[in-house]
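Under our numbering, the residue at position 9 of the sequence shown is numbered 47, and the numbers go up by one with no gaps. Think of the CB as a built atom: it goes at the ideal place given N, C-alpha and C, for glycine as much as any other residue. See below for the structure under consideration.
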Amino acid sequence: MRSKSSALPGSDLLFGVGYFLLWLLLWPTEQPYWMLPYGLRFGALLLAPWRMWPWLLGAEFAASALIASFHPLLLGWRGYLLGALPEPLVSAICLWLMRRANLHASLRDPEDVARLLLSAAFTVAATTAADAVMLALIHAAPGADMMMQALGQDLLGNYVGVLLVVPLLVMMLRAPLNKRALGRLLMDGLLVLLPSLAILLVLSSHEAPQPQFARVLSLAPVLFFAFRHGWRGASLSMLISSLGMTLVDHLSGHGAPGAAGELFLAVAGTGALMLGSATDALRRSSERVAEQNVYLAAVNRRLDHLARQLRDAARGNLQTEENQRRHMAAELHDELGQNLTAIQTHLKLAQSRLAQAGMDDIGVSINAILGHMRRALHRLLDDLRPAVLDEFGLLRALDEGPIRDLLNAAGVAYRTDLHGDPRLLDDDTRTVVYRLVQESATNAVKHAHADTFQLRLRIGERQGVALALLDIRDNGIGLPARMPRGGRGMQGMRDRVTSLGGLFRVRPEAQGVHLRILLRSSTQTSDAART
Numbered sequence: 039m040r041s042k043s044s045a046l047p048g049s050d051l052l053f054g055v056g057y058f059l060l061w062l063l064l065w066p067t068e069q070p071y072w073m074l075p076y077g078l079r080f081g082a083l084l085l086a087p088w089r090m091w092p093w094l095l096g097a098e099f100a101a102s103a104l105i106a107s108f109h110p111l112l113l114g115w116r117g118y119l120l121g122a123l124p125e126p127l128v129s130a131i132c133l134w135l136m137r138r139a140n141l142h143a144s145l146r147d148p149e150d151v152a153r154l155l156l157s158a159a160f161t162v163a164a165t166t167a168a169d170a171v172m173l174a175l176i177h178a179a180p181g182a183d184m185m186m187q188a189l190g191q192d193l194l195g196n197y198v199g200v201l202l203v204v205p206l207l208v209m210m211l212r213a214p215l216n217k218r219a220l221g222r223l224l225m226d227g228l229l230v231l232l233p234s235l236a237i238l239l240v241l242s243s244h245e246a247p248q249p250q251f252a253r254v255l256s257l258a259p260v261l262f263f264a265f266r267h268g269w270r271g272a273s274l275s276m277l278i279s280s281l282g283m284t285l286v287d288h289l290s291g292h293g294a295p296g297a298a299g300e301l302f303l304a305v306a307g308t309g310a311l312m313l314g315s316a317t318d319a320l321r322r323s324s325e326r327v328a329e330q331n332v333y334l335a336a337v338n339r340r341l342d343h344l345a346r347q348l349r350d351a352a353r354g355n356l357q358t359e360e361n362q363r364r365h366m367a368a369e370l371h372d373e374l375g376q377n378l379t380a381i382q383t384h385l386k387l388a389q390s391r392l393a394q395a396g397m398d399d400i401g402v403s404i405n406a407i408l409g410h411m412r413r414a415l416h417r418l419l420d421d422l423r424p425a426v427l428d429e430f431g432l433l434r435a436l437d438e439g440p441i442r443d444l445l446n447a448a449g450v451a452y453r454t455d456l457h458g459d460p461r462l463l464d465d466d467t468r469t470v471v472y473r474l475v476q477e478s479a480t481n482a483v484k485h486a487h488a489d490t491f492q493l494r495l496r497i498g499e500r501q502g503v504a505l506a507l508l509d510i511r512d513n514g515i516g517l518p519a520r521m522p523r524g525g526r527g528m529q530g531m532r533d534r535v536t537s538l539g540g541l542f543r544v545r546p547e548a549q550g551v552h553l554r555i556l557l558r559s560s561t562q563t564s565d566a567a568r569t
């Protein structure tokens, strides 16, 4: 969206007047290293909207004509027009083509810097070629040395002018420094750049080769600013260093270094600008990574919180289920168990009457049915709430309780290896351990058709957390490729382990099933359970 200020009447004229004055100000600085007016033209055509281009070109022609009027024209105004008109027109044509090809005035990334510098090199080469043609037209037979010197000076000087002026214009108009960054830049300039210029002045006051060494050493603060302040610091330090070298050459009387100095500035400026842009890109990338790390840390904390909530909810469901089982077991034991006992008592009292009536077989049959019902009730009560766990404790219940009876009755060899103190575990964890072994033994008998069942249990404490490590395996037919519908045994075991925040692993075996289960129990909870 076009701003209102740029659309006001007379704003284009004021812009042209400002460009005219700036061109006059920069014209005396053309020698010996760079052509700053060329860089000003390139930056203005790159940054200004299309409608301001006629004002820019007109202001430049007016400024160059004004400057020419104060100097003697050896070839007259015709020679002046042939020498002054082609270069701005060729520059405008090149930049028009490149802006149509989406060239942007950006130095954020090394790719943007490389694109901009390649565009500058192409434009400089085109204008230098145009100058060569004009030089051949103006001079009937120009000497080869004069031609090469003029073209070399134009090529390097114009490119250095772009290096020094365009980043400064981009920084002022498109990417200004904030106050904090500007303060750091000024402080580093006082602490680093001024002493470097003083050293440059001292070395340049001697005879060769110290001045050449001084120019090479002047690159050190430029690299420092490129690393510390990015492309903005690199461009500003390069501009100040080049001004310092020009001033030192003028004060020391060494004169202009010629193409060697221009080539040094061109190579050093290109490298420093690329390095500064790469530093900025790396710094932005590091900041984005840091922001993403902070975001991921917050997400991980949220996920940990949700995971704790899910574990607490699952543990609550497990406790509720065990409480319901305990309640149902107590009700069945008290009601159904007592009723069965009462029926057996009444049947025993009526046994003599049944014998007198010749119905002894009915009494025996009823006693058998009652015995079967009592055994079924005991199995149901053990499934609902393993009383053996309360009576024997965890280790003895696993080693001598109903699980061994179940496996022995099915002809399955039962091997146990149990170590540790179960009192370290809370009641929920001890119950889950027993349930896991009970479910695994049931699966080995009903589904796996195994003849060996092995159990290893290790209970210990590490860093304030009680741990129970279960290793359960059988030599049966193993798990099916697809779990049958309605099969909740393995999933139920996983759910129980997950509710306690444990780990459940089914390890691959050539035969049978191998389970590795790790359960965690808070020692504070277990201490409360022991007391």
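Checklist line | Residue range of the unbroken beta strand (DSSP E) whose run includes Arg461 | finding: Arg461 -> no beta strand (DSSP E), and no H or E assigned at all.
Margin query: Quick check on DSSP: helix, strand or coil for Phe542?
Written below: strand
Next item on the list: Please report the residue range of the alpha helix (DSSP H) in which Phe53 lies.
Entry: Ser49 to Leu64
Check: Do you know offhand how far Ala395's Cα is from Val402's?
Finding: Spanning the two alpha carbons is a distance of roughly 14 Å.
Item checked: CB contact flag (Leu556, Leu517, <7 Å) -> no
Notebook entry, point to check: Val305: buried (16+ other C-beta within 10 angstroms of its C-beta) or exposed?
Noted result: exposed
Notebook entry, point to check: Got a sec? Which residues, its chain only, sit under 6 Å from Ala319 by beta carbon, not counting five neighbours each side?
Noted result: Asp147
Next item on the list: Classify Phe58 as buried or exposed, calling it buried when 16 or more other Cβ atoms lie within 10 Å of its own Cβ.
Entry: Answer is buried; the Cβ neighbour count reaches 16.
Check: Does any C-beta atom of chain B lie closer than 7 Å to the C-beta of Asp437?
Finding: Protein chain content of the structure displayed is limited to a single chain, and chain B is not contained in it.
Checklist line | Counted within 10 angstroms of its Cβ, other Cβ atoms place Gln549 as buried (16 or more) or exposed | finding: exposed
Checklist line | Segment limits, beta strand (DSSP E) that includes Ala388 | finding: No beta strand (DSSP E) holds Ala388; DSSP gives it neither H nor E.
Checklist line | 8 Å CB neighbourhood of Glu477 in its chain, flanking five on each side removed | finding: Gly527, Gly530 and Met531, listed in sequence order.
Next item on the list: Evaluate the contact criterion for the region 259-268 versus the region 212-231: three or more CB pairs, one atom per stretch, below 8 Å.
Entry: Yes: at least three Cβ pairs fall under 8 Å.
Item checked: Cβ-Cβ separation, Val551 to Arg511 (assumed contact under 8 Å), whole Å -> 7 Å
Note to self: Let's test the definition: count the other Cβ atoms within 10 Å of the Cβ of Met210 and tell me whether it reaches 16, buried, or not, exposed.
What the structure shows: exposed
Checklist line | Alpha carbon of Gln140 to alpha carbon of Val254, nearest angstrom | finding: For the sequence presented, residue 140 should be read as Asn rather than Gln. The straight-line gap from Cα to Cα measures roughly 36 Å.
Notebook entry, point to check: Is it right to say Trp269 is buried, meaning 16 or more other beta carbons lie within 10 angstroms of its own, or is it exposed?
Noted result: buried
Next item on the list: Give the C-beta separation of Leu463 and Tyr452 to the nearest angstrom, bearing in mind that I take them to be a contact with Cβ-Cβ under 8 Å.
Entry: Not really, about 22 Å apart at Cβ, beyond 8 Å.
Notebook entry, point to check: Roughly how many whole angstroms lie between the Cα atoms of Asp437 and Gln347?
Noted result: 35 Å
Next item on the list: Could you tell me which of Ser324, Leu311 and Glu429 sits nearest to His267, measuring between CA atoms?
Entry: Leu311
Notebook entry, point to check: When you compare each of Gly449, Gly539, Gly282 and Phe53 to His343 by their alpha carbons, which one comes out closest?
Noted result: Gly539
Notebook entry, point to check: What span of residues does the beta strand (DSSP E) with Asp509 cover, start to end?
Noted result: In this chain, the beta strand (DSSP E) harbouring Asp509 covers Val503 to Asp512.
Note to self: Taking its Cβ as the centre, do 16 or more other Cβ atoms sit within 10 Å of Ser390, making it buried, or is it exposed?
What the structure shows: exposed
Next item on the list: Within 10 angstroms of the Cβ of Leu51, are there 16 or more other Cβ atoms? Answer buried if so, exposed if not.
Entry: Classification of Leu51: exposed, given that the 10 Å Cβ count is below 16.
Check: With 16 other CB atoms within 10 Å as the buried threshold, where does Val204 fall?
Finding: Around the CB of Val204, 16 or more other CB atoms lie within 10 Å, so the residue is classed as buried.
Item checked: Burial state of Val475, where buried means 16 or more other Cβ atoms lie within 10 Å -> buried
Margin query: Under DSSP, the beta strand (DSSP E) around Thr490 begins and ends at which residues?
Written below: Thr490 to Arg500
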